[in-house]
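Report on the following structure.
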Amino acid sequence: VPVTSLCPCSKEISKYGAHNQRSHVTVAVQTNTFVWVEDLIDLVEKQASCELYGLLKRPDEKFVTERAYDNPKFVEDMVRDVAAQLNADPRIDAYVVESENFESIHNHSAYAMIRKDKHKEG
1 VPVTSLCPCS
11 KEISKYGAHN
21 QRSHVTVAVQ
31 TNTFVWVEDL
41 IDLVEKQASC
51 ELYGLLKRPD
61 EKFVTERAYD
71 NPKFVEDMVR
81 DVAAQLNADP
91 RIDAYVVESE
101 NFESIHNHSA
111 YAMIRKDKHK
121 EG
């Protein structure tokens, strides 16, 4: 699921904004009943700084960038937040959540992953 993340650290130290980047979140689930893939996509998008859009008009760009600014997330925050939603969903038995942030001002990507089988909790 492609999304946007905004760096909490750059927001905190800057007077004029923060850097953001495209992120790609991958979710694999084992379920005990039917789950719509669209529901999983929606779940992921709600945990990001904001959704990613292919085309926006200027007023929409304003809304999207302000929404991201008001909801900064590191890559590990997004993965933890998606995992928390999956943990709370009784239809989900096990999952793997991965996210890669394609950093906009660094020469590397940021990556995080959480894997859990609810039946193997200790």
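Heads up, the final residue of the sequence shown is numbered 122 in my numbering, and it's a clean run with no missing numbers. By construction, the Cβ of each residue, glycine as well, lies at the ideal position given by its N, Cα and C atoms.
Positions of the alpha helix (DSSP H) runs, each at least 4 residues long and wholly inside the region 16-58, are given as 37-47 in order along the chain. Annotated three-state conformation of Ser5 is strand, per DSSP. Tyr95 sits close to Val27, with the two beta carbons spaced by under 9 Å. Around the beta carbon of Thr33, a 10 Å sphere encloses fewer than 16 other beta carbons of the protein chains shown; the residue is thus reported as exposed.
Residue pairing from DSSP places Val96 in a beta bridge opposite Ala28 and Arg115.
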